[in-house]
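Colleague: Remember, the numbering used here sits 449 above the position in the sequence shown when you count from 1.
By construction, the Cβ of each residue, glycine as well, lies at the ideal position given by its N, Cα and C atoms.
Before we start, here is the structure in question, set down as structure tokens.
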Amino acid sequence: MSELETKQMKDAATRLDDIRRRMAASAVQADRLDSVSLVAVSKTFGVEDIVPLIAAGQRLFGENRVQEATQKWPALKAETPGIELHLIGPLQTNKLKQALALFDVIHTLDRPRLAQALAKERDGGATLPRLFIQVNTGEEPQKAGVAPKDADQFIAQCREDLSLPVEGLMCIPPAEDEPAEHFMLLAEIARRNGLGALSMGMSADFETAIRCGATHVRVGSALFGSRVRVA
Ligand SMILES: *Cc1c(COP(=O)(O)O)cnc(C)c1O
450 MSELETKQMK DAATRLDDIR RRMAASAVQA DRLDSVSLVA VSKTFGVEDI
500 VPLIAAGQRL FGENRVQEAT QKWPALKAET PGIELHLIGP LQTNKLKQAL
550 ALFDVIHTLD RPRLAQALAK ERDGGATLPR LFIQVNTGEE PQKAGVAPKD
600 ADQFIAQCRE DLSLPVEGLM CIPPAEDEPA EHFMLLAEIA RRNGLGALSM
650 GMSADFETAI RCGATHVRVG SALFGSRVRV A
């Protein structure tokens with residue numbers, strides 16, 4: 450290994466360790482005994498940035514584009530046991546088959562048409578990934594997700610009518626709002642629907658999210674550094 454590679458490995462291990470410590474401290478503050486999963490968001494970063502984190506022990510990764518993930522992950526997955534890949538960006542139905550071949554978890558089930566397309570693939574013999582329903586807690590027109598007032602009905606449609614493997618809910622709070630109110634709203638919708646998993650919290654607010662009950666935090670820049678390309 451070159452000196453540069455050794456340094457990159459060390460830096461990745463240090464950043465990962467720092468995030469894990471902060472996650473654990475937030476869990477302690479919230480009197481939580483369950484463990485919180487860290488999804489390392491590797492969008493825009495290349496294989497050379499991902500490999501040091503894998504070497505440091507990270508196994509859960511998130512990508513927001515099917516196309517980009519298809520270029521980066523099949524080989525990495527094949528050579529590393531235990532990698533779990535999470536789709537955290539919008540899924541177009543014309544990319545569904547590709548997504549099903551690669552992703553273990555989809556956090557962005559956000560509309561009836563996608564739910565129906567997933568059920569159809571399952572009925573045709575496909576194994577579905579674990580699913581999170583995205584809720585647009587801030588009701589922002591530019592963001593995906595079901596509105597909070599429609600969430601109960603959409604959750605019931607997905608689970609009862611279509612028998613989809615829905616594990617939990619996901620949200621991305623509006624940038625200008627206090628994130629805790631959105632995290633608490635998402636937790637309340639999950640609670641009243643008997644859903645255990647909550648995908649919420651990013652680099653800037655994962656500690657708040659854990660105090661509000663997040664079971665999965667999605668952390669990108671705090672692990673990989675800042676992204677050059679906007680994604
Ligand atoms: C990019 C992204 C993240 C990670 O954001 P950071 O601020 O870099 O931690 C988390 N969730 C989603 C849906 C994203 O698109």
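Within the continuous beta strand (DSSP E) that includes residue 579, where are the two ends?
Modeller: Run containing residue 579: 579 to 583, per the beta strand (DSSP E) assignment.
Colleague: Should residue 557 and residue 578 be called a contact, given that it needs their Cβ atoms to be closer than 7 Å?
Modeller: The answer is no: Cβ separation not under 7 Å.
Colleague: For residue 555, report the span of its beta strand (DSSP E) as first-last.
Modeller: Start and end: 554 to 558.
Colleague: Alpha carbon to alpha carbon, how far is residue 618 from residue 571?
Modeller: Taking the straight line joining both Cα atoms gives about 21 Å.
Colleague: Output needed for residue 615: all residues of its chain with C-beta closer than 8 Å, excluding positions within five of it in sequence on either side, in chain order.
Modeller: Around residue 615: 558, 580, 581, 582, 604, 607, 608, 644.
Colleague: To the nearest whole angstrom, what separates the beta carbons of residue 512 and residue 545, a pair I think is in contact under 8 Å?
Modeller: Contact flag wrong, Cβ pair sits at about 15 Å.
Colleague: Would you list the residues sitting across from residue 471 in a DSSP beta bridge?
Modeller: Its beta-bridge partners do not exist; DSSP assigns none.
Colleague: Determine whether the beta carbon atoms of residue 551 and residue 524 lie at a separation below 7 Å.
Modeller: Their beta carbons are not under 7 Å apart, which means residue 551 does not touch residue 524 by this criterion.
Colleague: Taking the beta carbon of residue 656 as the centre, do at least 16 other beta carbons fall within 10 Å, making it buried, or is it exposed?
Modeller: Residue 656 comes out buried.
Colleague: Can you list, in chain order, the residues of its chain with a C-beta nearer than 8 Å to that of residue 595? Leave out the 5 residues immediately preceding and following it.
Modeller: Within the same chain, residue 595 has close Cβ partners 559, 560, 582, 583, 584, 585, 603.
Colleague: Is residue 651 helix, strand or coil when you go by DSSP?
Modeller: Coil, per DSSP.
Colleague: Can you check which of these residues, 641, 620, 568, is closest to residue 601 by C-alpha distance?
Modeller: The residue with the shortest Cα to Cα distance from residue 601 is 641.
Colleague: Tell me the DSSP bridge mates of residue 486?
Modeller: In the DSSP output, where bridge partners are listed per residue, residue 486 has 665.
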